[in-house]
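Novice:
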Ligand code: CAA
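Numbering (our numbering), first residue to last: 96 to 353.
(1) What do you get for residue 326, buried or exposed, if any count of 16 or more other CB atoms within 10 angstroms of its CB means buried?
(2) I believe residue 194 touches residue 206 by the beta-carbon criterion, under 8 Å. Please report the beta-carbon distance rounded to the nearest angstrom.
(3) Cutting at 7 Å between CB atoms, please list the residues of its own chain near residue 253, excluding the five before and the five after it.
(4) Under 8 Å, do residue 108 and residue 323 count as touching if we go by C-beta distance?
(5) Give the residues whose C-beta lies closer than 6 Å to at least one heavy atom of the ligand CAA, in chain order.
(6) Which runs of the alpha helix (DSSP H) fall wholly inside the segment 167-212 and span at least 4 residues, in chain order?
(7) Considering only their Cβ atoms, is the gap separating residue 158 from residue 121 smaller than 8 Å?
(8) On a Cα-Cα basis, can you pick out the residue from 217, 309, 328, 250 that is closest to residue 151?
(9) CB-CB under 8 Å to residue 136, same chain, minus the five flanking residues each way: which ones, in chain order?
(10) For residue 163, tell me which candidate among 118, 224, 175 has the shortest Cα-Cα distance.
(11) Going along the chain, which residues of its own chain have a beta-carbon closer than 6 Å to the beta-carbon of residue 238, five neighbours each way excluded?
(12) Taking only three categories from DSSP, how would you classify residue 270?
(13) Decide if residue 232 is buried, meaning its Cβ has at least 16 other Cβ atoms within 10 Å, or exposed.
(14) Mind checking whether residue 302 and residue 328 have CB atoms under 8 Å apart?
(15) Between which two residues does the beta strand (DSSP E) holding residue 246 run?
(16) Kindly indicate the opening and closing residues of the beta strand (DSSP E) around residue 222.
(17) Are the beta-carbon atoms of residue 299 and residue 148 separated by less than 8 Å?
(18) Buried or exposed, going by whether 16 or more other CB atoms sit within 10 Å of the CB of residue 182?
(19) Closest to residue 257 by C-alpha separation, out of 228, 349, 332, would be which residue?
(20) Among the candidates 263, 287, 269, 290, whose CA atom is the shortest distance from the CA of residue 278?
(21) To the nearest angstrom, how far is it from the Cα of residue 220 to the Cα of residue 199?
(22) Assuming the contact rule is C-beta atoms closer than 8 Å, residue 296 and residue 350 should be a hit. Round their C-beta distance to whole Å, please.
(23) Mind checking which residues open and close the alpha helix (DSSP H) that includes residue 330?
(24) Output the distance between the C-alpha atoms of residue 128 and residue 332, rounded to the nearest integer angstrom.
(25) Taking only three categories from DSSP, how would you classify residue 106?
(26) Taking the continuous beta strand (DSSP E) assigned at residue 215, which residues delimit it?
(27) To the nearest angstrom, how far is it from the Cα of residue 110 to the Cα of residue 287?
(28) Strictly by DSSP, which residues pair up with residue 261?
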């Protein structure tokens, strides 16, 4: 597939996918989401890739779903095509870690897309929001569900009902983003995080991601059991032997499965 709305660059075991519709602040249309889904699923099964970074421009990660396209949609159009989930859900099936590196606006579907990633590193310029209410609609790609889980009901309601934006500092305090960095350091910091993940044992990384995600879907007892079974499984890997031996020998680990 030829990509026209995203840019792809591989650095070592890390792939950087850049949303690229600069004229409309990376507004997310079907073509872009098809390309993004295709790329994510391709890199997920590519043995040369261990971690994926998703980013946008300095001004916008993404300013939301494309309003120009949506303006003409009828109920039947969106219902029949299951609009917004059809090609937005691929990211949920990606087993490898996906880091969102966010500068500028992450609004509506842009905020929702960032939240679908495993964690968000934000530039000081980042602004998060769910302004759909101003358009007479509500968030449609998980905003009403992932925001309360990430930042509490009170803040989620505030954002979804008033459409106010949250700056990077508030987003970090609220737990939406894992760290805030100076804008000029965003790519460097996100790459460092991605490189450090790519140097770990890939099976352990996949299991850690799977286990954390399970916390959203199940009871504590089931989640703890799930975690313990995966934890036990790590003892069947060569990488567990290497990781522990390297610690005892006071040397860096060199994992075989990366
Ligand atoms: N869809 C389509 N085009 C968009 C867009 C969007 N979501 N966001 C920005 N653009 C376009 C603008 O129309 C403008 O195009 P023109 O130059 O042709 O006029 C261009 O991008 C630059 O935008 P602005 O001139 O508005 O830039 P600004 O700096 O003055 O404002 C902004 C930036 C505050 C992000 C403003 O563009 C804005 O409010 N955008 C819309 C944000 C929004 O409502 N997003 C939610 C969409 S609905 C959704 O996402 C549903 C869902 O849950 C999935």
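In this text, a Cβ means the ideal position worked out from N, Cα and C, and glycines have one as well.
Specialist: Reading it off the structure:
(1) exposed
(2) Their Cβ separation, rounded to whole angstroms, is 16 Å, which puts residue 194 and residue 206 out of contact at 8 Å.
(3) 259
(4) It is not a contact, given that the beta carbons lie outside the stated cut-off.
(5) 119, 120, 122, 158, 159, 160, 161, 162, 163, 179, 200, 202, 203, 204, 207, 226, 227, 230, 234, 235, 236, 238
(6) 170-175, 204-211
(7) Yes, Cβ-Cβ distance for residue 121 and residue 158 is below 8 Å.
(8) 217
(9) Excluding positions up to five away in sequence, the list reads 185, 188, 189.
(10) 118
(11) 207, 225
(12) coil
(13) exposed
(14) Between residue 302 and residue 328, the gap from beta carbon to beta carbon is short of 8 Å.
(15) First-last for residue 246: 238-246, but that is the alpha helix (DSSP H), not the beta strand (DSSP E).
(16) 222-224
(17) Cβ atoms of residue 299 and residue 148: not closer than 8 Å.
(18) buried
(19) 228
(20) 263
(21) 5 Å
(22) 4 Å
(23) That residue, residue 330, is in no alpha helix (DSSP H); it is neither H nor E in DSSP.
(24) 36 Å
(25) strand
(26) Annotation for residue 215: the continuous beta strand (DSSP E) segment containing it runs 214-218.
(27) 13 Å
(28) Partner(s): 223.
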